[in-house]
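Participant: First to last, the sequence lines map onto chains A and B.
With the first letter of the first sequence counted as 1, position 144 gets the number 137 in this note's numbering; the numbers rise by one all the way through.
Quick note: to get this note's numbering, add 2 to the position in the second sequence (first position is 1).
All C-beta atoms, glycine included, are put in the ideal place defined by N, C-alpha and C.
All of these numbers come straight from a predicted model, not from anything done at the bench.
Here it is: the structure, laid out below.
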Amino acid sequence: MTANTHADEHGALHTSTGLSNNKLGMWLFLGSECLLFGGLISTYMLYRGRVGAGPRPSQVFDIPFTSVSSFVLLMSSLTMVLAVSAAHKGDDRNTYLWITVTALLGATFVGGQVYEFTAFYNEGMGFTTSLFSSSFYVLTGFHGVHVTVGIIMLMSIVGIMKRSKVPGSKAETVEMIGLYWHFVDIVWIIIFTLIYLIPA
Amino acid sequence: MAIIERPSTTQEVVAPATPSSSLGALKRPVATTGWKSWLFTVDHKKLGIMYSAAALFFFIVGGLEAVLIRLQLAAPNGKVLNADLYNQMFTMHATTMVFLFVMPMAAGLANYFIPLQIGARDVAFPRINAFSFWAFLFGGLFLNMSWFLGGAADGGWFMYAPNSGPIYSPSHGIDFWILGLQITGIASLAGAVNLITTVLNMRAPGMKLMRMPIFTWMQLVVQFLLLFAVPVITVALFLLSFQRNFDATFFDVAAGADPLLWQHLFWIFGHPEVYILILPSFGVISEVIPVFSRKPLFGYPFVVFSGAAIGFVGWGVWAHHMFASGLGPVSVAVFSIATMAIAVPTGVKVVNWTMTLWGGKLEFTAAMKFAVGLIVLFTIGGLSGVTHSVAPSDTQQTDTYYIVAHFHYVLFGGAIFGLFSGFYYWWPKVFGKMLNEKLGSWNFWMMVIGMNMTFGPMHILGLQGQPRRMYQWTEARAGEGFFNLGFWNAFASVGSLVLTTGVLLFLINIVITARNGKVAPLDPWNARSLEWMTTNPPKEHNFDSIPTVSHLDEFFHRKYQEDANGQMVQVKTAEQVMKELEDNADAHIHMPSPSYWPIVLAAGLPVITFGLIYSIPIGIVGGIIVLFGAYGWSIEPGTAPDDDFDPPTTTKDVVHVG
């Protein structure tokens, strides 16, 4: 898909680096996202001890519950891999299946986050209660939005693929969403460790 | 369908009504002339022109704001602006010049010239390119809407707490500022991904990284800086947004917060940002100086690597903006040393340019004058910058006019002079006509004199203790003799009018050139790099056949070769080199097709942000527009199917671009 390239017999495209434009672009975007989460995580680390009159982290966190939802999210990376693998084999049926499972697991995680936020709120930890609560909600909220965007992309790609309207290579499109999805999962591992596992 | 194959056999591009496949909700736009061909274009050259034109518009806006500031300060007890309006004026002047002029102007040049310089026919993601432009334009207009809706942002361009909070700035100005910058940030980020991919992936055969023109190299560094700097200010802006709109207290000291958090986040973005502003201009003059010295650039690898070094070290000096904030001796020492260190690669560049000039057959065209002007003025600004690295002295200078003098020397004398050098150098390439050299010379001298008159005295004002951002000064405290603040303020204000005249001459030059400018020959400057190896203006597909590159300065080496005595002698004219490319022209080139979606998607963004300020339902409408645009985009192929082209071609020798 580039000026000086042409598709070989496998449909792969030659670029100066050998990496397709789409994939290189996605990697660059994810590099940028690292700094976005870096900024948010720094803010949280600065403010996590500043609870004011509000509840302290240890008073509200339900670590077993969040561990389970984190496990669900990590498992979705496995199903995403299966989806990409099926897409590369041209196995549409299994591609749809695993993408849908991935999206459902992601939705379970987001559902868990909504439940958790509601519980925290009821225990007296609102968005403006303390610097800790504000930075907690912003960091985990941004992550939740990223998961949600991922779910929307996954569901959209199934819808679009079923009408077989994906421009370019289907497998590559699935793989690109996969890259994003794994990135969001990896970020969660860091966030989960920093927020829940390391005591303030 | 009017998607014509390039090269077209006929000169007249008439659009026959071949049916277009309907993709997404709308049929593809097909206009090749008229306003629609600009609105829906994905051509990097048209987008480059639009970027630059929009940036020039904002330059005029920001310039008028600056003139108002200088008029206010021309005499004691200035009455031109009241204190509130004055605050808005300097905030928006800086914001406009940084985010809406220098950055997009550099982006415009990058868009236009990177593909040409690396021998590509377009960028890697043409539709994202169009989206970036529209997002920048809509973001910039959104930012400036605040003037008419209750007042613009008034916290200074770095918007420190507590001035940025709702108590000290109750109008919506800062909300417009935050959200406008978020939109232009999206534009920069998308542009960075696009241009980096383009440079890394789309190079012509043989165009190794160390054969790339310096302009492309510097832009590559800039795009990496943008890629990593923009998300940091995005975080800062979100936090400020939540503080202003949802009662969070991220920067509120009373609530136990650390206002320095904002300063750190802002300057982790803000310091790379100053290199984002200056490196493109370094790139421009690294093209201009060799051409008008008739010598290759002295120490090409040093210029490349010092540019990259600036890109790396630029991340480790942000806290020198915060020496007065009580960081502690260790931090201050580290950032002092880093700041001294970053002067080294910059100095390397100055030496390289000077050595390129040394012994060259210098030709002082307007482009060359601006380039040499940059070397001199930037060096002055660079030296005053080094004085800031000495923390004790910086503590004295912080927030005085000395700082204002420093950054205007590097940004006006550096960045803007470089851009003007680029205007004169590349104008014939883009528009096929030569800018008037005589007017160009006047333009240059007026700007040099005006700029030194305006910003030179600010060194004195600052060292005498005149704080920046103060809206009036009084005769009683102006001092006497040589250091009389009144005299130098008046002097600077007169200088700003000289400067304005200089810029005005450029605008007049554009008009005169458009009306009856001299038609540019194929190779007006006897240039060296690939962008000159095509027609003026370039064809839509840039190159009839993609050149294979075997040298740094490929175009020069095709024209000149060493004779038996080791002398470079001309073996071919530019016309002959062109002819060779034309003779091997690709038969069927399918360029990326125009699309509605980039502008639709970008148009949704200011609707969302407007809704965030005034009414959530409007924001939801914006969200729907964005989603609609995203879906239309994702199911539309970037290039129309082969049988949509005229004539329909499905043969194997079709070259697909994008």
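Measure the Cβ-Cβ separation of F185(A) and S63(A) and say whether it is below 7 Å.
Facilitator: yes
Participant: According to a CB-to-CB cut-off of less than 8 Å, which residues of the stretch 173 to 207 of chain B neighbour chain A?
Facilitator: L191, A194, V195, N196, I198, T199, L202, N203, M204, R205, A206, P207
Participant: Under 7 Å between the Cβ atoms of L21(A) and I198(B)?
Facilitator: yes
Participant: Going by beta carbon distance, what residues of the same chain come within less than 7 Å of S243(B), once the five residues before and after it are set aside?
Facilitator: I180
Participant: For I191(A), which of helix, strand or coil comes out of DSSP?
Facilitator: coil
Participant: Check the Cβ of A250(B) against every Cβ in chain A and list those closer than 7 Å, keeping chain order.
Facilitator: F120, T121, S127
Participant: Assuming L501(B) contacts M460(B) under a Cβ cut-off of 8 Å, what Cβ separation, rounded to an integer in Å, is found between them?
Facilitator: Actually they do not touch by this definition, with Cβ atoms about 13 Å apart.
Participant: Helix, strand or coil for I169(B), going by three-state DSSP, please let me know.
Facilitator: coil
Participant: With distances taken Cα to Cα, identify the nearest neighbour of G375(B) among A321(B), M436(B), I344(B), V450(B).
Facilitator: V450(B)
Participant: Considering only residues of the same chain and omitting the five flanking positions on each side of W635(B), which have a CB-CB separation below 7 Å?
Facilitator: R129, W599, L603
Participant: Measure from the C-beta of T8(A) to each C-beta in chain B and report whether the shortest distance is under 7 Å.
Facilitator: yes
Participant: For a test of the three-state rule: what should DSSP assign to M214(B), helix, strand or coil?
Facilitator: coil
Participant: Hey, how far is the Cα of A373(B) from the Cα of I116(B)?
Facilitator: 20 Å
Participant: Counting only beta-carbon separations shorter than 7 Å, does V177(A) have a partner in chain B?
Facilitator: no
Participant: State buried or exposed for P57(A), treating a residue as buried only when at least 16 other CB atoms are found within 10 Å of its CB.
Facilitator: Note on P57(A): under 16 other CB atoms within 10 angstroms of its CB, so exposed under the neighbour-count rule.
Participant: Residues in the same chain with beta-carbon distance under 7 Å from L41(B), minus the five sequence neighbours each way, listed in chain order, please.
Facilitator: Counting only Cβ-Cβ distances below 7 Å, and skipping sequence neighbours, we find I601.
Participant: Compute the Euclidean distance between the alpha carbons of P274(B) and V232(B), then round it to the nearest angstrom.
Facilitator: 10 Å
Participant: Please check if any C-beta of chain A sits within less than 7 Å of the C-beta of A587(B).
Facilitator: With 7 Å as the cut-off, A587(B) does not count as an interface residue toward chain A.
Participant: Find the nearest neighbour of G631(B) within the set E582(B), G606(B), Q245(B), judged by alpha-carbon distance.
Facilitator: Residue nearest to G631(B) within the set E582(B), G606(B), Q245(B) is G606(B) (criterion: CA-CA distance).
Participant: Answer with buried or exposed for D86(B), where buried requires no fewer than 16 other C-beta atoms within 10 angstroms of its C-beta.
Facilitator: exposed
Participant: If you follow the alpha helix (DSSP H) that E439(B) is part of, which residue opens it and which one closes it?
Facilitator: 439 to 465
Participant: What residue range is occupied by the uninterrupted alpha helix (DSSP H) comprising Q474(B)?
Facilitator: Q474(B) -> no alpha helix (DSSP H), and no H or E assigned at all.
Participant: Any C-beta of chain A sitting closer than 7 Å to the C-beta of L229(B)?
Facilitator: yes
Participant: Count the other C-beta atoms from every protein chain shown that fall within 10 angstroms of the C-beta of H553(B), then say buried if there are 16 or more, exposed otherwise.
Facilitator: exposed
Participant: Taking Cβ-Cβ distances below 7 Å as the criterion, which residues of the stretch 251 to 267 of chain B are in contact with chain A?
Facilitator: T251, F252, A257, G258, A259, D260, L263, L267
Participant: Taking CB distances under 7 Å as the criterion, tell me whether G18(A) reaches chain B.
Facilitator: yes
Participant: Classify T35(B): buried if its beta carbon has 16 or more other beta carbons within 10 angstroms, exposed otherwise.
Facilitator: exposed
Participant: Please classify K47(B): does DSSP put it in a helix, a strand, or coil?
Facilitator: K47(B): helix per DSSP, three-state reduction.
Participant: DSSP on K541(B), reduced to helix/strand/coil?
Facilitator: Here K541(B) sits in strand by DSSP.
Participant: Going by DSSP in three states, T36(A) sits in which element: helix, strand or coil?
Facilitator: Residue state, collapsed to three classes: helix.
Participant: Find the nearest neighbour of G175(B) within the set K47(B), I188(B), N165(B), D156(B), judged by alpha-carbon distance.
Facilitator: D156(B)
Participant: Please give the ranges of any alpha helix (DSSP H) in the stretch 327 to 384 of chain B, keeping only runs that are unbroken, at least 4 residues long and fully inside the region.
Facilitator: Whole alpha helix (DSSP H) segments, 4+ residues: 331 to 359.
Participant: Run the CB neighbour count on D546(B), radius 10 Å, all protein chains shown included, and call it buried at 16 or more, exposed below.
Facilitator: D546(B) is buried by the Cβ-count criterion.
Participant: According to the neighbour-count rule (16 or more other Cβ atoms, all chains shown, within 10 Å of its Cβ), is M105(B) buried or exposed?
Facilitator: Classification of M105(B): buried, given that the 10 Å Cβ count is 16 or more.
Participant: Which two residues bound the contiguous alpha helix (DSSP H) that contains I591(B)?
Facilitator: I591(B) -> not in any alpha helix (DSSP H); beta strand (DSSP E) instead, spanning 590 to 592.
Participant: Secondary structure at M324(B), three-state DSSP: helix, strand or coil?
Facilitator: coil
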